[in-house]
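Student:
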Amino acid sequence: MTTTAPDATAAAGILRLGNLFCQSKALLTAVRLDLFAMLHTGPATEEEIRVRLGLHGRGLAHFLRLLIAMGLLREEAGRFRNAEGADRFLVPGRPGCVAGFLHGADLNLYPVYGRLTEALRTGKPQADGDYTAMLDDSAALGHFVRMMDGVTQGLGPQLLAALDGTDFRSVLDLGGCRGHLAAQLASARPELEGHVLDLPQMEPFFDEYMTEQGLAERITFHPGDFFRTPALPSADVLIFGHILHDWDPQQRQELLAKAYRAVNPGGALLVYDRMLGQAEDDTENLVASLNMLLVTEGGAEYTVAELSAEAHAAGFGGITHRPLGDYDTLVLCRKS
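Sequence positions in the sequence shown follow my numbering and run 23 to 358.
1. What does the Cβ neighbour count give for A161, buried or exposed, with the cut at 16 atoms within 10 Å?
2. For the segment 300 to 348, list the beta strand (DSSP E) runs that are entirely contained and at least 3 residues long, ordered along the chain.
3. Is it buried or exposed, V73, if we count other Cβ atoms within 10 angstroms and call 16 or more buried?
4. Going by C-alpha distance, which of F228, E230, Q180 and A310 is nearest H343?
5. Which residues does DSSP list as the beta-bridge partners of S209?
6. Relative to the C-alpha of P271, which candidate in A333, L57, D171 and R168 has its C-alpha closest?
7. For a test of the three-state rule: what should DSSP assign to H264, helix, strand or coil?
8. Mind checking whether A284 and P255 have CB atoms under 8 Å apart?
9. Would you report the Cα separation of D247 and R54, rounded to the nearest angstrom?
10. Jot down the residue ranges of each uninterrupted alpha helix (DSSP H) in the segment 82 to 116, minimum 4 residues, whole runs only, in chain order.
11. F73 by DSSP, collapsed to three states: which one?
12. For A149, which residues from the same chain have a beta carbon less than 6 Å from its beta carbon, with the 5 sequence-adjacent residues on both sides left out?
13. Specify whether the segment 93 to 112 and the segment 132 to 146 touch according to this definition: at least 3 beta carbon pairs, one from each stretch, less than 8 Å apart.
14. Can you tell which of L75, P28 and E68 has the C-alpha that lies nearest to the C-alpha of L86?
15. Contact check, G187 vs L203 under 8 Å by CB: the rounded distance?
16. Short of 7 Å in beta carbon distance, which residues of its chain neighbour G64, apart from the five on each side in sequence? Order them along the chain.
17. Using DSSP with H/G/I as helix, E/B as strand and the rest coil, what is E215?
18. So, is A32 buried or exposed, given that buried needs 16 or more other C-beta atoms within 10 angstroms?
19. With H, G and I counted as helix, E and B as strand and the rest as coil, what does DSSP make of M23?
20. In angstroms with no decimal places, state the Cα-to-Cα distance between R103 and D171.
21. Just to confirm my understanding: we take P287, look at its own chain, exclude 5 residues before and 5 after, and list those with CB closer than 8 Å. What are they?
22. Quick check on the DSSP output: what are the complete beta strand (DSSP E) runs of length 3 or more inside the segment 221 to 253, in order along the chain?
23. To the nearest angstrom, how far is it from the Cα of S330 to the Cα of R191?
24. Quick check on A121: does DSSP put it in helix, strand or coil?
25. Hey, quick one: how far does the alpha helix (DSSP H) through A52 stretch, first residue to last?
26. Report all residues from its chain with a CB closer than 6 Å to the CB of A290; omit the five preceding and five following residues, and keep chain order.
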């Protein structure tokens, strides 16, 4: 499998660049079909895959070989198995799995990219319906919840490392969905009191997950809306993870001001997003910003400098930042 980017100085490279969406859709389709989960149980022939996944058969051989060319599958003696990376990161339930995020991207992002031209012409989001419509669809909301779990997978230890030297006993994850990140933090710090604030429709997912994790007595769900809730619950540490990029600068400023009032003295606010200008290659984060164009009214990725100025205006000081994962930047803002 080649890992070099298409050569944009050659016609063939430009054509390949224009067709990369075909490979993306092949991966997303394999995730939706649960192919990687099936092959995690053991290698299978093409016919066994066809029967177990309920497929017609036409095109399957080439589909499987495309996944081999992409480095996702291997073939030995006529039997297909997951490649190492696919088996590690694309099998639901395994640590570090990103299949939930990809499944959500297939359902929510892939369709709207066909309307990018219209979004650039009008500045308007292109998703069918809005976020509130999804809240009334339990199946769609379940996909979204798993997508968010994929985004926060493995972040707990990194956030705790960033807080080294900070004395805190309570943490509030704002927009924390079903509490996947809060659970990581509470599991690592037995003395920690956890809180999650999100819309009321998330509470059943939260209750189910906390019961599964054995954390129902240690993490509390607060139903509410960022903008309609007069005051956020207080905690030593507040977290905005992949939240502020949903809103325009004026709304970000409003949320940061609310966060400042909610952070206990001596505490901190953690913000992480795919901030621009921090990496040598901003391709992934620029794509993420276009995602916001397509699915929000005013959201976009932003720079560390922009966030720092807004946090200072809200009252925070001692602002520092560091890389988080492959593409995110984590900004720590202190309250004296």
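The C-beta atom is built at its ideal place from N, Cα and C for all residues, glycine as well. Computed from a predicted model, the values in this text were never measured in an experiment.
Tutor: According to the data block:
1. In the sequence shown, residue 161 corresponds to position 139, counting from 1. It counts as exposed.
2. DSSP runs (the beta strand (DSSP E)) wholly in the segment 300 to 348: 339 to 346.
3. Here residue 73 refers to the residue found at position 51 of the sequence shown. By the 10 Å Cβ count, V73 comes out exposed.
4. Within the sequence shown, residue 343 is the residue found at index 321, counting from 1. Of the candidates F228, E230, Q180 and A310, the one whose C-alpha sits nearest the C-alpha of H343 is Q180.
5. Working through the sequence shown from its first residue, we reach residue 209 at position 187. Partner(s): none; S209 has no beta bridge.
6. The residue labelled residue 271 in the question sits at position 249 within the sequence shown. Nearest C-alpha to P271: A333.
7. As a position in the sequence shown, residue 264 is number 242, starting the count at 1. H264 sits in coil when the DSSP states are folded into three classes, being neither helix nor strand.
8. Position 262 of the sequence shown holds residue 284. Position 233 of the sequence shown holds residue 255. Yes; because the gap between Cβ atoms is below 8 Å, this pair is in contact.
9. Sequence index remark: in the sequence shown, residue 247 carries index 225 (1-based). Sequence index remark: in the sequence shown, residue 54 carries index 32 (1-based). Cα to Cα, D247 sits roughly 31 Å from R54.
10. Correct list: 82 to 91 and 106 to 111.
11. Within the sequence shown, the letter at position 51 stands for residue 73. The question names Phe, but residue 73 in the sequence shown is Val. Reduced to three states, the DSSP call for V73 is helix.
12. Residue numbering aside, residue 149 sits at position 127 when the sequence shown is read from its first letter. In the same chain as A149, and ignoring 5 residues on each side of it, the C-beta atoms closer than 6 Å to its own belong to V134 and V317, in chain order.
13. As far as the Cβ criterion goes, the segment 93 to 112 does not touch the segment 132 to 146, which means the pair count is below three.
14. Numbered from 1 along the sequence shown, position 64 holds the residue referred to as residue 86. If you compare the alpha carbons of L75, P28 and E68 with that of L86, the shortest gap goes to E68.
15. Numbered from its first residue, the sequence shown carries residue 187 at position 165. Numbered from its first residue, the sequence shown carries residue 203 at position 181. Contact flag wrong, Cβ pair sits at about 21 Å.
16. Your numbering for residue 64 matches position 42 in the sequence shown. For G64, where only same-chain residues beyond five positions count, there are no Cβ hits under 7 Å.
17. As a first step, residue 215 must be located in the sequence shown, where it is residue number 193. Reduced to three states, the DSSP call for E215 is strand.
18. As a first step, residue 32 must be located in the sequence shown, where it is residue number 10. By the 10 Å Cβ count, A32 comes out exposed.
19. Looking up residue 23 in the sequence shown gives position 1. Interpretation of M23 is limited by its pLDDT of 40, a score under 50 that renders its predicted location unreliable; the figure taken from the coordinates is listed afterwards. Three-state result, M23: coil.
20. Taking the first residue of the sequence shown as position 1, residue 103 is located at position 81. Taking the first residue of the sequence shown as position 1, residue 171 is located at position 149. Distance between the alpha carbons of R103 and D171: 26 Å.
21. Mapped onto the sequence shown, residue 287 falls at position 265. Within the same chain, P287 has close Cβ partners K357 and S358.
22. If we require 3 residues or more, the beta strand (DSSP E) runs fully inside the segment 221 to 253 come out as 241 to 245.
23. Walking along the sequence shown from the start, residue 330 turns up at place 308. Walking along the sequence shown from the start, residue 191 turns up at place 169. One C-alpha to the other measures close to 25 Å.
24. Sequence index remark: in the sequence shown, residue 121 carries index 99 (1-based). Here A121 sits in helix by DSSP.
25. Taking the first residue of the sequence shown as 1, we reach residue 52 at position 30. Here the alpha helix (DSSP H) through A52 covers L42 to R54.
26. Here residue 290 refers to the residue found at position 268 when the sequence shown is read from its first residue. Hits under 6 Å: T188, V259, L354 and R356.
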